[in-house]
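Protein chains in written order, with my numbering: chain A, 63 to 388; chain B, 7 to 309.
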């Protein structure tokens, strides 16, 4: 069968952070409840005990404080890796991220290159209360100066984090909450990405390309495996939504002639719109049919009892692919 | 005879320091006036004046010395010049050439931050970062009264307090957040607010650079001795509008403006040092020549 056992995302990120703390004395972690508790998702479990309270810092419960002081720390030569507790709590930090972190390097005319990472648990599907299920990656993707990563596996998160702490500009990394402890995943092609900032083709196919990212990559792969061999779907896990590796998407579309974009964030003015526009501009001749997007309608993430109606499931992905390849 | 403690001795400026205070005040006044002239001619786009705040800026900057990193707001021009930012470097961002015209590392005077109070958190974070790396962690951050309404200011004061960060907050209260008077902005002084966060503080008038120097020297001694933050609130007058785009005559009374101009700290201190015989006309002519040369250079570069 096409499901394999995997290390949970939380455990995997924990190991990467420990290794980074071990190898780079300039690196420190900063976030709410990440020390004594090990984070509300235990992603930083035991790290304070191992590396001390100076380097694994329990921050005040104030998101602007977290990012604002991280900017100052980065100017001083440190490499802060921050955690915002939930996606929906990132908004008080937006000012410091957008007007400061993203612009400091330019404002200093390149005389500082602040490497600053912000890890944000994201997405729904785990019966979270209000503000605990958001997907706001497109918000930060809009701002020049901020890179935005959305890994869907521990292996990708590892590669992305190691790259992010050397980038010299801020990176926001979204970590799907519902993958933190999941220990099985649909099988993927083992082929690695071309570079740490590149997308990854996680299933080769000939009939249609699905471009996707984050937790829903798993549903897309499950749908793709289920549709085989009748429809042969290629799946591109973007891994980064800012900047987007459009070359990989365009090359895939050139092979398959069809593109579906699937994401968990609501559809309007989202990542899917950007990809559809880019393919229309640069890959139109390869298309055998219209580019389509599959994503929730523009509405607030509902209370837990209704989240199944909101989220895109495997069946809907299969249905959409079948409509497009009919 | 009562002997002063060593730190009390250090807090009073000597005569050389007095002349230095005046010289820096006169130079930045010349720069500020030239900037207004250049802006009126369309040679620079905007200018945020520091006229009326010279004593506060020069007194505080000289008192803390060259070691602390300075996180300014956007009108600390006197501090900039005193730290070694060249006049044409200071002007560059107001002429649309760059976001920061100087090398912040060289002068340890960091770029202007136009989003209010954002730099207060950077300052505290920088101080913590320096401390963690075993380096000089004394940091000075400048802020205006208007910006203290921003959440980041309260967050930064609390962070500095709980982290016991070596940060000197210098609030220049010029009485106006553009058109909003201070009495409509707050119900307590900033100094009192700081104490609520557990930060020692002082409040003083900003017309006398010597008093500012002494208060900031004491604050610096406190920060170095206690390894804890401190806030000085300096009450200054705002002689010009918020920026060259502001029309302060629309919301300030002629009496208020006349009073503020009459209380000009630069002319008052020049007169005082002349009366005391600390400077003479030859000394003043020398500074005048320096200012003239600076203004000519600015005209050559920007007009």
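Note that beta-carbon positions come from the ideal geometry of N, C-alpha and C, so glycine has one too.
Quick check: does the Cβ of residue 206/A come within less than 7 Å of any heavy atom belonging to the ligand FAD?
Within the structure as shown, the ligand FAD is missing, as the structure has no ligands at all.
Report the residue from 282/B, 120/B, 45/B and 48/B whose alpha carbon sits nearest the alpha carbon of residue 82/B.
Nearest C-alpha to residue 82/B: 120/B.
Give me, in chain order, the residues of the same chain whose beta-carbon lies closer than 7 Å to that of residue 19/B; leave out the 5 immediate sequence neighbours on both sides.
The beta carbon of residue 19/B is closer than 7 Å to those of 27, 216 and 219 in its chain, skipping five residues each way along the sequence.
Against residue 111/B, what residues of chain A qualify as contacts under a CB-to-CB distance less than 9 Å, listed in chain order?
Close to residue 111/B, with beta-carbon spacing below 9 Å, are these residues of chain A in chain order: 170, 173 and 174.
For residue 308/B, the three-state DSSP class (helix, strand or coil)
Under the three-state reduction of DSSP, residue 308/B is assigned to helix.
I need the straight-line Cα distance from residue 178/B to residue 107/B, nearest angstrom please.
Each residue's Cα considered, the two are about 24 Å apart.
Whole alpha helix (DSSP H) elements within the region 101-129 of chain A, 4-residue minimum:
Those alpha helix (DSSP H) runs which fall completely within the region 101-129 of chain A and span 4+ residues are 109-113.
Look at the alpha carbon of residue 223/A and the alpha carbon of residue 278/A, and state the distance between them as a whole number of angstroms.
Distance between the alpha carbons of residue 223/A and residue 278/A: 20 Å.
Mind checking if residue 138/B is an interface residue toward chain A, Cβ cutoff 8 Å exclusive?
Yes, because at least one Cβ of chain A sits closer than 8 Å to the Cβ of residue 138/B.
Is the CB of residue 60/A under 8 Å away from at least one CB in chain B?
Residue 60/A is absent from the model: chain A starts at 63 and stops at 388.
Cβ closer than 8 Å: which chain A residues qualify as neighbours of residue 128/B?
Contact annotation for residue 128/B against chain A: 130, 131, 133, 134, 137 and 162 [CB-CB distance below 8 Å, chain order].
Please report the straight-line C-alpha distance between residue 137/A and residue 171/B, rounded to a whole angstrom.
Rounded to the nearest angstrom, the two C-alpha atoms are 16 Å apart.
8 Å Cβ cut-off: residues of chain C touching residue 106/A:
Within the model displayed, chain C is absent; protein chains A and B are what it includes.
Which word fits residue 79/B, buried or exposed, when buried means at least 16 other C-beta atoms lie within 10 angstroms of its C-beta?
Counting Cβ neighbours within 10 Å, residue 79/B comes out buried, since at least 16 surround it.
Does DSSP put residue 302/A in a helix, a strand or coil?
The three-state reading of DSSP puts residue 302/A in strand, counting E and B together.
So with Cβ pairs under 8 Å, would you call residue 127/A a contact of chain B?
Closer than 8 Å: yes.
Beta bridge counterpart(s) of residue 236/B as assigned by DSSP:
DSSP, once it has assigned bridges, lists 174/B and 206/B as partnering residue 236/B.
Just by C-beta distance, which residues in the region 94-123 of chain A are closer than 7 Å to chain B?
Flagged, chain order: 116 and 122.
Within 10 Å of its beta-carbon, does residue 157/A have 16 or more other beta-carbons around it, so buried, or fewer, so exposed?
It is buried - the Cβ of residue 157/A has at least 16 other Cβ atoms within 10 Å.
Is it buried or exposed, residue 75/A, if we count other Cβ atoms within 10 angstroms and call 16 or more buried?
Burial state of residue 75/A is buried, judged by a 10 Å Cβ sphere holding 16 or more other Cβ atoms.
Length at least 4, wholly inside the region 93-146 of chain B: the alpha helix (DSSP H) runs in chain order:
Complete alpha helix (DSSP H) runs here, min 4: 93-97, 110-113 and 124-138.
Check whether the Cβ of residue 40/A lies closer than 8 Å to any Cβ atom in chain B.
Because chain A here runs from 63 to 388, residue 40/A falls outside it and cannot be looked at.
If you pair each beta-carbon of the region 95-112 of chain A with each one of the region 192-212 of chain A, do three or more pairs fall below 8 Å?
No: fewer than three Cβ pairs fall under 8 Å.
Reducing DSSP to helix, strand and coil, say where residue 93/A ends up.
In the three-state scheme derived from DSSP, where H, G and I count as helix and E and B as strand, residue 93/A is classed as strand.
Does any C-beta atom of chain B lie closer than 8 Å to the C-beta of residue 158/A?
It does; some Cβ of chain B falls within 8 Å.
Should residue 368/A go down as buried or exposed, given a rule of 16 or more other Cβ atoms within 10 Å for buried?
Flag for residue 368/A reads exposed.
Where residue 147/B and residue 176/B are concerned, what is the direct C-alpha to C-alpha distance, given to the nearest angstrom?
Rounded to whole angstroms, residue 147/B to residue 176/B spans 6 Å at the Cα level.
Counting C-beta neighbours from all protein chains within 10 Å, is the total for residue 243/B 16 or more, i.e. buried, or is it exposed?
Flag for residue 243/B reads buried.
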